[in-house]
Amino acid sequence: MLTADEAGVVLFTLEVAALTTLLLLPPGLASAFALARYRGPGKSALETLLSLPLILPPTAVGLALLEAFSRGSALGGWLAGRGIEVVFTWKAVVLATAVMSFPLLVRSARTAFEEIDPRLVGLARTLGCSPAATFFRVTLPLAWRGVLAGTVLAFARALGEFGATVMVAGNIPGRTRTLALAIFHDSQVGRDDRAAVLAGVTAVLAFAALWTTEWLSRRLERRAEE
Amino acid sequence: MAGVLRALLWAALALLSAPVSARADELTVFAAASLAEALQELARGYEQQATGHRVVLNVGASSDLARQILAGAAADLFFSADRAQMDALERAGLVRGPDRVEVLSNLLVVVVPASSGAALTSAAGLARLHRIAIADPEAVPAGVYARAWLESLGLWSALEERLVPTLNVRAALAAVESGNAEAGIVYRTDAALSRRVRIALTVPAGQGRQIVYVLAPLAASKSAAARELAGRLAGPEARPVYEKYGFLFIAPR
Amino acid sequence: MIELSFELPLATAELRVEAELPVAVTAVMGPSGAGKTSLLEAIAGLRRKARGRIACHDVVFLDSARHLRLAPERRRVGYVPQDAGLFPHLTALGNVRFGARAGTRQAETAIETLEIGPLLARYPASLSGGEKQRVALARALATAPRMLLLDEPLAALDVELKERVLPYLMRIRDEWKVPILYVTHNVGEALALAGHVLFLRAGRVEAQGAPLDLLSSPGLSAEAEAGIENLLRGRVAAHDPAGGITRIELDGKLALSVPLAESRPAGSAVTVAIRAEDVLVSTAPVKGLSARNVYEARVEGLERTGVDVTLRCAITGSGRPWLVRVTPAAVEALGLAVGTTVWLAVKSHSVRIV
Chain A
1 MLTADEAGVV
11 LFTLEVAALT
21 TLLLLPPGLA
31 SAFALARYRG
41 PGKSALETLL
51 SLPLILPPTA
61 VGLALLEAFS
71 RGSALGGWLA
81 GRGIEVVFTW
91 KAVVLATAVM
101 SFPLLVRSAR
111 TAFEEIDPRL
121 VGLARTLGCS
131 PAATFFRVTL
141 PLAWRGVLAG
151 TVLAFARALG
161 EFGATVMVAG
171 NIPGRTRTLA
181 LAIFHDSQVG
191 RDDRAAVLAG
201 VTAVLAFAAL
211 WTTEWLSRRL
221 ERRAEE
Chain B
1001 MAGVLRALLW
1011 AALALLSAPV
1021 SARADELTVF
1031 AAASLAEALQ
1041 ELARGYEQQA
1051 TGHRVVLNVG
1061 ASSDLARQIL
1071 AGAAADLFFS
1081 ADRAQMDALE
1091 RAGLVRGPDR
1101 VEVLSNLLVV
1111 VVPASSGAAL
1121 TSAAGLARLH
1131 RIAIADPEAV
1141 PAGVYARAWL
1151 ESLGLWSALE
1161 ERLVPTLNVR
1171 AALAAVESGN
1181 AEAGIVYRTD
1191 AALSRRVRIA
1201 LTVPAGQGRQ
1211 IVYVLAPLAA
1221 SKSAAARELA
1231 GRLAGPEARP
1241 VYEKYGFLFI
1251 APR
Chain C
2001 MIELSFELPL
2011 ATAELRVEAE
2021 LPVAVTAVMG
2031 PSGAGKTSLL
2041 EAIAGLRRKA
2051 RGRIACHDVV
2061 FLDSARHLRL
2071 APERRRVGYV
2081 PQDAGLFPHL
2091 TALGNVRFGA
2101 RAGTRQAETA
2111 IETLEIGPLL
2121 ARYPASLSGG
2131 EKQRVALARA
2141 LATAPRMLLL
2151 DEPLAALDVE
2161 LKERVLPYLM
2171 RIRDEWKVPI
2181 LYVTHNVGEA
2191 LALAGHVLFL
2201 RAGRVEAQGA
2211 PLDLLSSPGL
2221 SAEAEAGIEN
2231 LLRGRVAAHD
2241 PAGGITRIEL
2251 DGKLALSVPL
2261 AESRPAGSAV
2271 TVAIRAEDVL
2281 VSTAPVKGLS
2291 ARNVYEARVE
2301 GLERTGVDVT
2311 LRCAITGSGR
2321 PWLVRVTPAA
2331 VEALGLAVGT
2341 TVWLAVKSHS
2351 VRIV
């Protein structure tokens, strides 16, 4: 059904999506939490800024990343000096998918954090919890639905990311070719039949990811009701 | 409000009912990316001479363009960077054999960023480099030629994993210009256009496969002017323009 | 001793409290919006804008002059809000154990005191109002707090539940020996539980002192409009099924008869409530009256509370004074004054076992 190369592409895509999602959790949840609590000036501007990758064309985001990390740029040059190459490597794939998925996680988690009764947070403090302990023992457990939804969305987005990825990571077989890029490449070289097979695989993966969330969600709900 | 809507409706109708002949005077040329500058100049010249005609250029990887035409894209002329893509169209009955003209040839070069101090005395030196950009070797003519060249030297398998395949030959050039690739294999004509790269190595004409650009009007083209334009693009008047950019003119007199 | 000398901007006014609370239980009273909840929150450390000085025994919670502010988690203050505030994602046990230190029996002791053993495996959503309050109280106690801040713990409960939780509060007061700040609108609760009252109005301390002394103050008397209950403690002495009564011995060796209550075993501790308006006053010894409970007493105090008069009567040989409510007309007709000897009569049906 799948050639060895294609299986490799599937595995690579899953690894990258999983890694991206994991890497996104600390900064994503921190941003969501900060946004939920911050009520000062410039809050909407900040929210809009963080949501940009959602509305901009992925290629525009990819271009921006390419300019920022290219060897000729300040950042890219600095990294290259330390032996770290980003453009045209798997790191660029993670970078591109992370940037595109970040707003999805933040938006979901922020809504969930905002819905928590702030008095419960205060109560936890009086019961002896430091702010950090309160976050992990009260805020996060109470916001789990939104956080889970955001995480799955981020993962699913990472599975299918194309525009930004192709700009900054290229479509290098065995190195940066994800499922979405492989589908594109197959259609470019006239292998529409293989492209269709890979498209089918992507659909199955997305379905599996969403279905697992539903199942997990229901199980956790049932436990809470007992 | 109703007045504005009505005005818009009339404008839409007017546009849609424009005489067919006006659109037939707009010629669409699908051409290999490396021909962009030369064809732009030639197209402008044609437009100035042939009143009422407009030329729309769609440049890209010849393989990509051929695929689009096969899928139904409306082109009047196809100017491919290799025979294989034109063959595909001929097999599909979209181009008639006698209409094909082999117009140009080109040379491959290895370019490096202008600021790079890398010195390549031979192709084997490529093995020392980290990332080499080429057009997708699976289908894009520039990439196919590059692969054929490397294979002819027995260097392909050693270099394969260092290659960064790009969408078309200009993307490969851009990768070298930005420094993200240490070297790239492009046409000599591409290298000549860019000040941010320098030629480290020129591939002799005998090595690898002969580069041939093929031009043909599409059989389904609705414009009579298509053949005329094809004649111009393959004719002696066009030669100086091509040669200015570094192409080799091989069309028969 | 709890020192309070601070100010805190509120939504419409400013809370400014200057008080030294000397005793175990202080009732905090006052009309809505007076700042009672804000006072508690400031002491708990949940109001960052509080400025001034707050100290509990020798521990300084806040001292703006010295730039000292103790974080809420370090103050060890047990705060129980009006609606219990249980964490919905934890069971009752999880809630109680939340702040308890591992390796100690703090949680277990609290569970015993509040008798919530059977509730432990349940989630807050399935608990009744009274059960939630008890779990919340246990949760606060399990942290071995320096003091307790209770915000109207009985307000959200109906009468029956109130009566079930009140004894637990008395138990906490007597057994746990921590200072308690207790916000309430109910004068009876204040009288039963507190030794000191802080009366707030519009962000200021309008009055403070012993509850009985404040009865006549305008604030308290307005609250008292709703009715004052005498809450008394005692022990079941014996049941008399044939006579239809249960005999109770109140603290101070006072005998009280109530309608038969066999569900309370002999010897068990009880708390009874007698409404101030249900007590009859006579200036002569009572004979031939159906009321079973008659006591000789002396009028110690006489205060106008709203349209009525509330008498403070010390029953001969007993401890706490009883509060009796009569009309001004009755006072005049009987010639009641401080020092008058009276006889108080209460029907056994007017006594409620809490």
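Chains as they are written, first to last, in the working numbering: chain A, 1 to 226; chain B, 1001 to 1253; chain C, 2001 to 2354. All residues carry an ideal CB built from backbone N, CA and C; glycine is no exception. Remember, predicted model here, so these are calculated numbers, not experimental data.
Which of the three DSSP states is assigned to Ser101 (chain A) in this structure? helix
Which of the three DSSP states, helix, strand or coil, is assigned to Tyr1245 (chain B)? helix
So, are the CB atoms of Thr165 (chain A) and Arg2075 (chain C) less than 9 Å apart? no
Rounded to a whole number of angstroms, what is the C-alpha to C-alpha distance between Ser1105 (chain B) and Tyr1242 (chain B)? Annotation: Ser1105 (chain B) to Tyr1242 (chain B) spans about 10 Å, alpha carbon to alpha carbon.
Please state the DSSP three-state secondary structure of Ala1024 (chain B). Any reading at Ala1024 (chain B) needs caution, since the residue's pLDDT is 48, under 50, leaving its predicted position unreliable; the model's value is listed next. Residue state, collapsed to three classes: helix.
Starting from the Cα of Ile2245 (chain C), find the closest Cα among C:Arg2352, C:Val2077 and C:Ala2136 and give me that residue. C:Arg2352
The beta strand (DSSP E) that contains Pro118 (chain A), what's its start and end? Counting along the chain, Pro118 (chain A) falls outside any beta strand (DSSP E), though it belongs to the alpha helix (DSSP H) covering Pro118 to Thr126.
Could you check whether Arg2235 (chain C) and Ala2261 (chain C) sit closer than 9 Å to each other, using their CB atoms as the reference points? no
The segment 1184-1197 of chain B contacting the segment 1132-1147 of chain B, beta-carbon criterion three pairs below 8 Å: yes
With a Cβ-Cβ cutoff of 9 Å, do Ala109 (chain A) and Phe33 (chain A) count as a contact? yes
Sequence-distant residues of its chain with Cβ nearer than 7 Å to Leu1255 (chain B) (five each side left out): In the structure displayed, chain B extends from 1001 to 1253; residue 1255 (chain B) sits before or after that span and is not available.
Can the beta-carbon of Asp1025 (chain B) be found less than 9 Å from the beta-carbon of Ala1225 (chain B)? yes
In three-state DSSP terms, what is Phe33 (chain A)? helix
Taking the alpha-carbon of Thr20 (chain A) as reference, which of A:Val10, A:Ala143, A:Arg157 and A:Leu65 has the nearest alpha-carbon? A:Arg157
With burial defined as no fewer than 16 other Cβ atoms inside 10 Å of the residue's Cβ, what is the status of Arg1023 (chain B): buried or exposed? In this prediction, Arg1023 (chain B) has a pLDDT of 49, which is less than 50 and means its spatial position is unreliable; nothing more can be read from the coordinates.
Distance check for Thr213 (chain A) and Pro2031 (chain C), CA to CA, integer angstroms please. Between Pro2031 (chain C) and Thr213 (chain A), the alpha-carbon positions lie close to 50 Å from each other.
Within 9 Å of any Cβ in chain F, is that where the Cβ of Leu66 (chain A) sits? Any reference to chain F falls outside this structure, whose protein chains are A, B and C.
Alpha-carbon to alpha-carbon, Gly1045 (chain B) and Phe88 (chain A): One C-alpha to the other measures close to 40 Å.
Contact the segment 2265-2283 of chain C vs the segment 2319-2330 of chain C: 3+ CB pairs below 8 Å: The segment 2265-2283 of chain C, when compared against the segment 2319-2330 of chain C, does touch it at the 8 Å Cβ threshold.
Do you know offhand how far Glu2057 (chain C)'s Cα is from Thr2091 (chain C)'s? Inspection of the sequence shows that residue 2057 (chain C) is occupied by His rather than by Glu. The straight-line gap from Cα to Cα measures roughly 34 Å.
Between the CA atoms of Phe1079 (chain B) and Leu1070 (chain B) - distance to the nearest angstrom: 14 Å
Start and end residues, beta strand (DSSP E) containing Val2324 (chain C): Trp2322 to Val2326
Please report how far the alpha carbon of Arg194 (chain A) lies from the alpha carbon of Glu1151 (chain B), in whole angstroms. 26 Å
So with CB distances below 7 Å, who are the chain A contacts of Asn1180 (chain B)? Ser70, Arg71, Val87 and Phe88
Cβ neighbours of Glu2020 (chain C) in the same chain (closer than 8 Å, five flanking residues each side left out): Met2001, Ile2002, Glu2003 and Leu2004
Could you say which of C:Pro2088, C:Thr2316, C:Val2272 and C:Thr2026 lies nearest to Ala2136 (chain C) if we only look at CA atoms? Put simply, of C:Pro2088, C:Thr2316, C:Val2272 and C:Thr2026 the residue whose alpha carbon is nearest the alpha carbon of Ala2136 (chain C) is C:Pro2088.
Quick one, are the C-beta atoms of Thr139 (chain A) and Val16 (chain A) less than 9 Å apart? no
Give me, in chain order, the residues of the same chain whose beta-carbon lies closer than 8 Å to that of Val1056 (chain B); leave out the 5 immediate sequence neighbours on both sides. Glu1026, Leu1027, Thr1028 and Val1029
Within 9 Å (strictly less), CB to CB, does Thr111 (chain A) reach chain C? Among the residues facing chain C, Thr111 (chain A) is not included, as its CB has no counterpart in that chain under 9 Å away.
Alpha carbon to alpha carbon, how far is Lys2177 (chain C) from Leu2141 (chain C)? Give it in angstroms, no decimals. Leu2141 (chain C) and Lys2177 (chain C): Cα-Cα distance of roughly 11 Å.
Under 9 Å between C-beta atoms, does Ile84 (chain A) make it to chain B? Ile84 (chain A) is outside the set of residues whose beta carbon lies under 9 Å from a beta carbon in chain B.
C-alpha distance - Ser70 (chain A) paired with Met167 (chain A), whole-angstrom precision: 11 Å
Given Pro2285 (chain C) as reference, the closest of C:Ala2345, C:Pro2153 and C:Ala2273 once Cα atoms are compared: C:Ala2345
Determine whether the Cβ of Ala34 (chain A) lies closer than 9 Å to any Cβ atom of chain C. no
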